[in-house]
Amino acid sequence: MNLVINWNLKSLRSRFSQIYAHQRDRIFFVFLLGASVLALLTPWNSFQSSPPTAEAFEPDTMIPLGFVLVPIELENQQSLESMIGSHAVVNLYKGYQIGGQKGVLIGRHLRLLRAPLNPQQFAVLVPESEVPSFVAPGAKFYAVVQNRSSQDTTEVMQSKKKSVEYFQGESP
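In my numbering, the protein residues as written are 206 to 377.
Structural data, given as structure tokens:
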């Protein structure tokens, strides 16, 4: 058996030496081997012309039933742009062009969204029944940023009731 293996190795070695006796055959063999290794190591998906793109964010798909997005113009828009990202929770006040009047709170803990196609535009998420308050002509809106997880202060104040108990201590 050892003799058969030895004879096979010798015949294989002699065949390779006959085939690759010339210099150009050796160069061709090395080139073919290198190209094969390179083809195996190159991932096939790197030849795609463009990477897959994620779908654009569409705010109308995120509106809950019974609510609408109302585009508004904010008077303090430049200040807000540096403080909020794509959305925030705000208290919304309406100021009037008539001088001297204070702003009136028209919405508490409203969701303010930045327009995905024009980041300088904002909209608030409100119930459909409240839309007339937000589309009045000549109204100036001011937004005050709130903590997203905070509750309404009136609810917090009403829910916290303290009871004080007095004990009569022993006198010495």
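Built from N, CA and C at the ideal position, the CB exists for glycine as well. Treat the numbers as computed from the prediction; the structure is a model and nothing was measured.
(Q) Between the alpha carbons of Ser291 and His314, how many angstroms are there, rounded? (A) The residue labelled residue 291 in the question sits at position 86 within the sequence shown. The residue labelled residue 314 in the question sits at position 109 within the sequence shown. Counting only the Cα atoms, His314 lies some 16 Å from Ser291.
Q: Just confirm the distance between the C-beta atoms of Leu169 and Phe346, as a whole number of angstroms; I'd bet it's less than 8 Å.
A: Any question about residue 169 goes unanswered here, given that the chain covers just 206 to 377.
Q) In the DSSP assignment, what residue or residues form a beta bridge with Ile232? A) Sequence index remark: in the sequence shown, residue 232 carries index 27 (1-based). None, per the DSSP bridge assignment.
Q: Give me the Cα-Cα distance between Gly343 and Gln282, rounded to the nearest whole angstrom.
A: The count along the sequence shown starts at 1 and reaches residue 343 at position 138. The count along the sequence shown starts at 1 and reaches residue 282 at position 77. One C-alpha to the other measures close to 16 Å.
Q: Measuring alpha carbon to alpha carbon, tell me which of Ile311, Val329, Asn352 and Gly312 ends up nearest Arg319.
A: On the sequence shown, position 114 is the one that residue 319 refers to. In terms of CA proximity to Arg319, Val329 leads the group Ile311, Val329, Asn352 and Gly312.
Q) How should Val349 be labelled, buried or exposed, when 16 other C-beta atoms within 10 angstroms of its C-beta is the threshold for buried? A) Reading the sequence shown from its first residue, position 144 is the one you call residue 349. A residue is called buried when at least 16 other Cβ atoms come within 10 angstroms of its Cβ; Val349 does not meet this threshold and is exposed.
**Q.** is_contact[Gln351, chain B] using C-beta, thresh 8 Å
**A.** Considering every chain present, this structure includes no chain B. It has just one protein chain.
(Q) For Gly312 and Val336, which I take to be in contact (beta-carbon distance under 8 Å), what is that distance rounded to the nearest angstrom? (A) Stepping through the sequence shown from its first residue, residue 312 is reached at position 107. Stepping through the sequence shown from its first residue, residue 336 is reached at position 131. That pair is no contact at about 11 Å.
Q: Mind checking which residues open and close the beta strand (DSSP E) that includes Leu330?
A: Residue mapping note: residue 330 aligns to position 125 of the sequence shown, counting from 1. Where Leu330 is concerned, the enclosing beta strand (DSSP E) stretches over Phe327 to Pro332.
Q | Euclidean distance between Cα positions of Ser364 and Val275 | A | Reading the sequence shown from its first residue, position 159 is the one you call residue 364. Reading the sequence shown from its first residue, position 70 is the one you call residue 275. Any reading at Ser364 must be qualified, since the residue scores a pLDDT of 48, below 50, and its modelled position is unreliable; the value itself is stated next. Approximately 32 Å between the Cα atoms of the pair.
Q: Take Ser338 as the anchor and find which of Pro321, Leu310 and Arg229 has the nearest alpha-carbon.
A: Position 133 of the sequence shown, counted from the start, is the residue given in the question as residue 338. For the residues Pro321, Leu310 and Arg229, the minimum Cα distance to Ser338 belongs to Leu310.
(Q) Quick check on DSSP: helix, strand or coil for Ile268? (A) Locating residue 268 in the sequence shown gives position 63, where the first residue counts as 1. Here Ile268 sits in coil by DSSP.
Q: Taking all protein chains shown into account, decide if Leu214 is buried (16 or more other Cβ within 10 angstroms of its Cβ) or exposed.
A: On the sequence shown, position 9 is the one that residue 214 refers to. Label assigned to Leu214: exposed.
Q) According to DSSP, is Lys307 helix, strand or coil? A) The residue labelled residue 307 in the question sits at position 102 within the sequence shown. Three-state DSSP puts Lys307 in coil, outside helix and strand.
Q.
Judging by CA-CA distance, which residue of Thr247, Gly308 and Asn352 is the nearest neighbour of Arg316?
A. Indexing the sequence shown from 1 puts residue 316 at position 111. The option with the nearest alpha carbon to Arg316 is Asn352.
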